[in-house]
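Everything below concerns the one structure shown next.
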Amino acid sequence: MNKPLRRVAVFCGLLVLALLIRVNWVQFVQSDQLKNDSNNRRVAIERYSTPRGNIIVDGKAITGSTTTDSGDFKYKRTYKNGKMWAPVTGYASQAFDSNQLEKLNDAILTGTDDRLFFSRTVDMFTGGKQKGGNVVTTLDAKAQKAAFDGLGDKKGAVVALNPETGAILALASTPSYDPSTFAGMTNKDAEAYNALLKQNNPDDPMLNRALRQTYPPGSTFKVVTASAALQNGLYTDVDSKTDSPVPFILPDTAHQPLNNEGSIACENVSLREALRVSCNTVFGKISADLGNAKMKAEAEKFGFNNAKIDTPVRAAESVFPKDNRPQNAMAGIGQASNRATPLQMAMVASAVANGGKLMRPYMVDQLVAPNLNVVQQHTPQEMSRPLSPENAQKIQSMMETVVKEGTGTSAQIDGVTVGGKTGTAQHGENNKDNPYAWFISYAKTGKGTPVAVAVVIEGSDTLRGDIAGGKLAAPIAKSVMEAVIEGER
Amino acid sequence: MSSTTTTTTVGTFAAPSRRNTELALLVFAVLIPVFAYVNVGLAKDGSVPAGALGYTLGLGLLAGVTHLVVRKWAPYADPLMLPIATLLNGLGLVFIWRLDQEPQISTPQLGGAMAPGQLMWSTLGVALFLGVVIFLKDHRVLQRYTYISMVLALVLLIAPVFFPARFGARIWITIPGVGSLQPGEFAKIIIAIFFAGYLMVKRDALALASRRFMGLYLPRGRDLGPILVIWALSLMILVFETDLGTSLLFFGLFVIMLYVATERTSWIVFGLLLSGGGAVAVATFESHVQVRVHNWLNPLELLNGGVTETAQAMYSFGSGGILGSGLGQGYSRLIGGIAPKSDYILATVGEETGLAGLMAILLLYGLLIERGIRTALAARDPFGKLLAVGLSGAFALQVFVVAGGVTGLIPLTGMTMPFLAQGGSSVIANWALVGILLRISDTARRPAPAPAPSTDAEMTQVVRP
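Following this line, the structure appears as structure tokens:
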């Protein structure tokens, strides 16, 4: 009986061998795939097992972590003044994933980033828990507070940039939400989250209006149109008369006039005067004279039609479309299909203020390892040059006139040169909805040009007409600029 | 047959008893689980568990007593079996205790902490082992109970049909208020005794009375009877008790023993054809078999938006990787319920000790199985050979079916990992199984009694022409 016994022994050996091969397959070959499978709860458990790194503003963390006793996840995110900072941080929720900076820098914040390998290895040998790194932002807490408080109960957004570097100083959007309320995974968190969703809340508080919402830019776009006129040599002197009839009949239409708001004197006025009182006829005609291609080219130099403006949170694409002649004329005054994000208009102001050089906007200055080593440092980059330095000077002087004695007087700051432009964009069919109030501006001190701001307020139901931008948006821009200048001193 | 090259074959000289080897190995078999136990405590609470010293002494005492009993009553027994069984049982206790530390799967509804109960069952198992070693002086005694064994095995196998199903399989005898018993675990030993006794008698008839056809020896029709009966019985287990594992185990066990007894390959061919045909036939109308096969082919599929047990086990293995998360630091509790302590205990082994630990455990099983078959090779009597290979084969099939099912090599069946998994019946039965194997190996390796002085020979020498 020994021969079959030996065969049975071999057979049993083969059974064990098959098991060994199988476990090698599962635990070695398939290991990474199984380990990181989206349904593998360990991924989330691991992620929330240590305090998350923080997002830093002005050297102070605006986020935190707290332990929870519900379920598998040990730590959950907390936010300091979450409503004010939500457009910057986004959210990181145990139940609802994360977005914006929290999402984009997740690897750093959780400590799994490859660049933190050394730190992790040290932790492994010293028995320490894996720690998350920090994200140091460019934001200015005072400017952000000025922006958020200025918006108050109104619906709108504020973006402030440092024109010289492109650093984002303020990024506010209202109505906002507190990401702390749904950072966990209890039923209460789910209720809070659902209540914020657009279908349950028409105000859409989770929409980041500063980056992700486009509006018709209205008269603030006249700065771009003026730039196009100067850059293309249509006009060279901002103080000499232009060829501008009133009313201006839109090209290719029988008798479709483009009117000005109210009874302002716009016939053949200079560029400076046209910007000061915000003449639609003058800028509509400039756009028509230059044609769609040239207008579009100039707008694109300012950042329009670019779907990849990453701050690193990607901004919605601002659009200056290819269009027919009458529509193109309307687009020249920021109407028709012309759409811009608040960030885009802040970039326009900042390019003008920075002598025609547009810097790439960014809000993450440094990524810092748990041991405070800098693993990534942002260096300011030039994005484009929409204006020559001479023409930038000319546009600046026009915008300064607007604030000194035009529609933007409420943005004046003592001892500081402020340039700006108001805007009131029509909204809805035949302008039946409340218009958007805009204001873009920049401030110059003796030391440089520290700030450019764009403010938009939706549905300013009390005011119509071109004064809305100056009345509602300009004071917010002013307080933001003041806050930045205050910090500079 | 005598040989001087191997200690397991019979020689007239005294083979080394290897009891000291066993003792040394037992020390490791006690120390490793103790270290694992302390490791879990340190990982979970940062402190050495309060009962560490008590457990060490208890386990050491238990191992010491078993060793002394073996030294006294089975001095030539195989030196590896006892340490391997002790180590596997000790590690099983640690893993169950470790899973008891997870409150989510140790709620009162789920039976609370299970390690104390398992410790009690293990002690009972060891007691039964000692009983076998002390009172079963010669394994051939079992041969007398061939047909009683058959009746008993049938009763044990059929009984669960009359009791309610638990966890989707009717493999339990539940007595309210007393507890429940998994008779299949005991049946596997008893049926091996029956097969060994039966085949020893019938092997010549089965082996020789056959016709040759296409290179195969075809058995006579009437000799096919027993195999067909066993086949039908195992299919009935599958259908009525919805227990794929037990069914596979018994049929496989019978085919292996039949092959060893008759030395006819044709029986294997018949066995494979019958089991394959039976399995396919049953799978066409038994929905639970289809579900198992479906889960096997799609392990990561979501069920009603939830992650299945099968998937959770795969995630456990995958997350363990090569070196594992470390004892007490895995998340195999995500499998849910009591499954991580019983059927899926290997998932915890895989996750927390990694590929390295899981392979070590599988190799321990492999080693135990091969020692069993080696005992069969060394046994001097056909009954002993058949019984040893039957027990080892049953053990091997069980390990393969469970480990293969949990790791996704084959469809999952409801059986428990011998020694490792939670379950009183299992641990008691397997200790008894090791006891019998140890007894056979002792008989096999014991030096043959010196030939009685032959009076005839002396007479021949005296008388000279």
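Chains as they are written, first to last, in this note's numbering: chain A, 109 to 597; chain B, 51 to 515.
For glycine and all other residues, C-beta sits at the position ideal for the given N, C-alpha and C.
Item	Value
Partner residues on chain B for A/Arg228, Cβ-Cβ distance less than 8 Å	Per Cβ cutoff of 8 Å: no residues; A/Arg228 is ~15 Å from chain B at best.
Any chain A beta carbon closer than 8 Å to B/Ala498	no
Start and end residues, beta strand (DSSP E) containing A/Pro558	Gly556 to Glu566
Where B/Met2 meets chain A, residues with beta-carbon distance less than 7 Å	The structure shown does not extend to residue 2 of chain B, since chain B spans only 51 to 515, so no value can be given for it.
Test item: CB-CB of A/Arg130 and B/Leu459 under 8 Å	yes
The stretch 335-346 of chain B contacting the stretch 298-314 of chain B, beta-carbon criterion three pairs below 8 Å	no
CA-to-CA distance, B/Ile490 to B/Ile372, given in whole angstroms	38 Å
Contact check, A/Tyr183 vs A/Arg160, beta carbons under 8 Å	yes
Expected contact under 8 Å - CB spacing of A/Met589 and A/Val526 to nearest Å	7 Å
Cβ of A/Arg149 within 8 Å of any chain B Cβ	yes
Straight-line gap, A/Gln138 to A/Leu127 (C-alpha atoms, nearest Å)	15 Å
8 Å Cβ cut-off: residues of chain A touching B/Val557	Residue 557 of chain B lies beyond the stretch modelled for chain B, which goes from 51 to 515, so this question has no answer here.
Status (buried if at least 16 other CB within 10 Å, exposed otherwise) for A/Asn81	As shown, chain A starts at 109 and ends at 597. That puts residue 81 of chain A outside it, with no answer to give.
CB contact check: A/Ser139 to chain B, cutoff 8 Å	yes
Within chain B, the residues that A/Ile153 reaches when beta carbons sit closer than 8 Å	Tyr381
Sequence-distant residues of the same chain with beta carbon closer than 7 Å to B/Pro169, five excluded per side	Going by the sequence as given, residue 169 of chain B is Leu instead of Pro. Same-chain partners within the cutoff: Leu143.
Separation of B/Gln159 from B/Ile221, as counted between CA atoms	21 Å
C-beta neighbour in chain A for B/Lys435, strict 8 Å	yes
N-terminal and C-terminal residue of the beta strand (DSSP E) that B/Glu420 is part of	Here B/Glu420 belongs to no beta strand (DSSP E); instead the alpha helix (DSSP H) covers Ile395 to Ala428.
Contact between the stretch 376-384 of chain A and the stretch 402-418 of chain A (3+ Cβ pairs under 8 Å)	no
Beta-carbon proximity of A/Val564 to A/Pro450, cut-off 8 Å	yes
B/Tyr197 classed as buried or exposed, judged by whether at least 16 other C-beta atoms fall within 10 angstroms	exposed
B/Gly271 versus B/Ala255: straight-line alpha-carbon distance, rounded	12 Å
Among B/Arg69, B/Leu76, B/Val80 and B/Val84, the one whose alpha carbon lies nearest that of B/Leu377	B/Val84
Where A/Phe181 falls, given that 16 or more other Cβ within 10 Å makes a residue buried	buried
Whole-number beta carbon distance between A/Leu495 and A/Ser327, since they are thought to touch under 8 Å	19 Å between Cβ atoms; not a contact.
Helix, strand or coil at B/Ser52 [DSSP, three-state]	Note on B/Ser52: pLDDT 43, under 50, position unreliable in the model; the coordinate value appears next. Correct three-state label for B/Ser52: coil.
Cβ contact (3+ pairs, closer than 8 Å) linking the stretch 222-232 of chain A and the stretch 250-259 of chain A	no
Contact under 8 Å by Cβ, A/Lys111 with B/Glu313	yes
Outcome for B/Leu352 when other beta-carbon atoms lying within 10 angstroms are tallied against a minimum of 16	exposed
Straight-line gap, B/Ser369 to B/Ser375 (C-alpha atoms, nearest Å)	8 Å
Buried versus exposed call for B/Pro468 [16 or more other C-beta atoms within 10 Å across all chains shown]	buried
Delimiting residues of the beta strand (DSSP E) encompassing B/Glu351	Premise fails: B/Glu351 is in no beta strand (DSSP E) and is neither H nor E.
Stretch pair the stretch 114-122 of chain A + the stretch 442-452 of chain B: three plus CB contacts closer than 8 Å	yes
Cβ-Cβ separation, A/Leu366 to A/Asn388 (assumed contact under 8 Å), whole Å	6 Å
Residues bridged to A/Lys253 [DSSP beta-bridge criterion]	Paired residues: none, contrary to the question.
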